[in-house]
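Peer 1: Okay, here's the structure, questions in a sec.
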């Protein structure tokens, strides 16, 4: 796969249709949310160096919608993430998931997870943060979004970004991070991690983690909890003891219905509690 250069990514960037190749076959438990009563589909978000594709959904009547940024897993803004966006829209939100890897490559068309990880590893946090700022701006100016009721949620890779973006943008009212990595090596592309920003966090974040997640050791979860004690954010972390990584991903074998449904209910309550 040839890396998409900044000169040509605008022309080649498209949103995924269906599920990513790397997650086939798709589980029969995959949830399918319809578009009845919604405006839903691909949009283009103007960013510093062009535009990026995104998937948005909102009710087809009304306005002044609370905004939810939905942040992708490593598999991109594929059907599962698009379905989550529609679920939020059915609840009355303007939900939007920008494709945050598009400059580095099209992960939805890759079947090899190692190739996907090599693309994701090239994505700078600064680029992601800037693109999310642009997405919020678009939601307010072009889609009847209410800037004073902004929430964020993300899964896996997107869970980590949820913590980082909330630290960057104190205008976020609340966030929910699903099994996002909390520690890591400091590099030029990833200079900080959630544990590094926890103590200065002012936005309340609910972290949802799995006790049997082999990629996120529980000692790092406890380290994050300890750091959060010195913040003013009143953030919380819940660990589901028997859940593996990606327990919300209903299209994958890792799905755990009981924990996923409980987490979804807790997310809604968290957003309501904090004004999203």
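Numbering (mature numbering (1 follows the signal peptide of the UniProt record, and there is no 0)), first residue to last: -22 to -1, 1 to 254.
All residues carry an ideal CB built from backbone N, CA and C; glycine is no exception.
(1) Can you tell which of 239, 184 and 192 has the C-alpha that lies nearest to the C-alpha of residue 251?
(2) From this set, 190, 142 and 11, which residue's C-alpha is nearest residue 168's C-alpha?
(3) Give me, in chain order, the residues of the same chain whose beta-carbon lies closer than 7 Å to that of residue 91; leave out the 5 immediate sequence neighbours on both sides.
(4) Measuring straight from C-alpha to C-alpha, what distance separates residue 98 and residue 104?
(5) Roughly how many angstroms separate the alpha carbons of residue 190 and residue 40, rounded to a whole number?
(6) Thinking residue 131 and residue 48 are a contact (beta carbons under 8 Å), I'd like their distance in whole angstroms, please.
(7) With DSSP as the reference, label residue 102 as helix, strand or coil.
(8) Do residue 186 and residue 249 come within 9 Å of each other at the CB atom, strictly closer than that value?
(9) So residue 30 is in the alpha helix (DSSP H); what residue range does that whole segment cover?
(10) Give a yes or no on whether the C-beta atoms belonging to residue 74 and residue 46 are separated by under 9 Å.
(11) How is residue 247 classed by DSSP in three states: helix, strand or coil?
(12) Less than 9 Å between the beta carbons of residue 30 and residue 62, yes or no?
(13) Closer than 7 Å by C-beta to residue 54: which residues in its own chain qualify, once you throw out the five before and the five after it? Chain order, please.
(14) I need the straight-line Cα distance from residue 37 to residue 237, nearest angstrom please.
(15) At a cut of 8 Å, does the stretch 158 to 178 reach the stretch 108 to 128 through at least three beta carbon pairs?
(16) Look up residue 254 in the DSSP assignment and say whether it is helix, strand or coil.
Peer 2: Here's the rundown:
(1) Numbered from its first residue, the chain shown carries residue 251 at position 273. Measuring from the Cα of residue 251, the nearest candidate turns out to be 184.
(2) Sequence index remark: in the chain shown, residue 168 carries index 190 (1-based). Among 190, 142 and 11, the Cα nearest to that of residue 168 belongs to 142.
(3) Counting from 1 along the chain shown, the entry for residue 91 is found at position 113. If we look at residue 91 and ignore the five residues flanking it on each side, its Cβ neighbours are -1.
(4) On the chain shown, position 120 is the one that residue 98 refers to. On the chain shown, position 126 is the one that residue 104 refers to. Taking the straight line joining both Cα atoms gives about 14 Å.
(5) Within the chain shown, the letter at position 212 stands for residue 190. Within the chain shown, the letter at position 62 stands for residue 40. One C-alpha to the other measures close to 43 Å.
(6) Counting from one through the chain shown, the residue named residue 131 turns up at place 153. Counting from one through the chain shown, the residue named residue 48 turns up at place 70. Yes, residue 131 and residue 48 are in contact; Cβ-Cβ is about 6 Å, under 8 Å.
(7) Position 124 of the chain shown holds residue 102. Reduced to three states, the DSSP call for residue 102 is coil.
(8) Indexing the chain shown from 1 puts residue 249 at position 271. Indexing the chain shown from 1 puts residue 186 at position 208. Cβ atoms of residue 249 and residue 186: not closer than 9 Å.
(9) Along the chain shown, one-based indexing puts residue 30 at 52. Not the alpha helix (DSSP H): residue 30 falls in the beta strand (DSSP E), residues 28 to 37.
(10) Here residue 74 corresponds to residue number 96 of the chain shown, with the count starting at 1. Here residue 46 corresponds to residue number 68 of the chain shown, with the count starting at 1. In contact: residue 74 and residue 46 (Cβ atoms closer than 9 Å).
(11) For the purposes of this step, residue 247 is taken as residue 269 along the chain shown, with counting starting at 1. The answer is helix: DSSP assigns residue 247 an H, G or I state.
(12) Position 52 of the chain shown, counted from the start, is the residue given in the question as residue 30. Position 84 of the chain shown, counted from the start, is the residue given in the question as residue 62. No, these two residues do not count as a Cβ contact at 9 Å.
(13) Locating residue 54 in the chain shown gives position 76, counting from the first residue. Counting only Cβ-Cβ distances below 7 Å, and skipping sequence neighbours, we find -7, -3, 77, 79, 85 and 86.
(14) For the purposes of this step, residue 37 is taken as residue 59 along the chain shown, with counting starting at 1. For the purposes of this step, residue 237 is taken as residue 259 along the chain shown, with counting starting at 1. Spanning the two alpha carbons is a distance of roughly 28 Å.
(15) no
(16) By 1-based counting over the chain shown, the position of residue 254 is 276. Three-state result, residue 254: coil.
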